[in-house]
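Have a look at the structure below, then the notes.
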């Protein structure tokens, strides 16, 4: 029972985004953009790979330092959770409700222009 409670608390922390990215104090902005682009593409679940890689290709170069930090934090959420929050299959956690970056991701996922999305080239 104690183990289950610990797992549940850890899951809740991850779900609500309180798990912070690994500190990389000597990483340049260019290195961070390259790492985030790679992490957006190589998630492990094809659906999330497609959503995040096309989002990163379209917006990552324009992100401010704050947005890069926030996107880095977002990428620490498990794949299926990102997918379900972004597609509206699950309610967006409180941490991300007011985030302009997450709203931009949801708008990208809605694909209002009905553009055919494909995985960007590496």
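In UniProt numbering, the protein residues as written are 1 to 122.
The C-beta atom is built at its ideal place from N, Cα and C for all residues, glycine as well.
* Asked: How far does the alpha helix (DSSP H) with residue 48 in it reach, from first residue to last?
  -> Your numbering for residue 48 matches position 48 in the chain shown. Its alpha helix (DSSP H) spans residues 46 to 59.
* Measure the alpha-carbon distance for residue 90 versus residue 24 and round it to whole angstroms. => The sequence position of residue 90 within the chain shown is 90, counting from 1. The sequence position of residue 24 within the chain shown is 24, counting from 1. One C-alpha to the other measures close to 31 Å.
* Asked: Between residue 75 and residue 39, which are expected to be in contact by the criterion C-beta below 8 Å, what is the C-beta distance as a whole number of angstroms?
  -> Residue numbering aside, residue 75 sits at position 75 when the chain shown is read from its first letter. Residue numbering aside, residue 39 sits at position 39 when the chain shown is read from its first letter. The beta carbons of residue 75 and residue 39 sit about 5 Å from each other, so the pair counts as a contact at 8 Å.
* To do: Starting from the C-beta of residue 96, find all residues in its chain whose C-beta is less than 8 Å away, skip the five residues before and the five after it, and write them out in chain order.
  => Numbered from 1 along the chain shown, position 96 holds the residue referred to as residue 96. If we look at residue 96 and ignore the five residues flanking it on each side, its Cβ neighbours are 17, 74, 85 and 102.
* To do: With DSSP collapsed to three states, give me the class of residue 26.
  => The count along the chain shown starts at 1 and reaches residue 26 at position 26. Per DSSP, reduced to three states, the secondary structure at residue 26 is coil, with no helix or strand assignment.
* For residue 32, does the count of other Cβ atoms within 10 angstroms reach 16, so buried, or fall short, so exposed? -> Counting from one through the chain shown, the residue named residue 32 turns up at place 32. Taking every protein chain shown into account, the CB of residue 32 has 16 or more other CB atoms within 10 angstroms, so this residue is buried.
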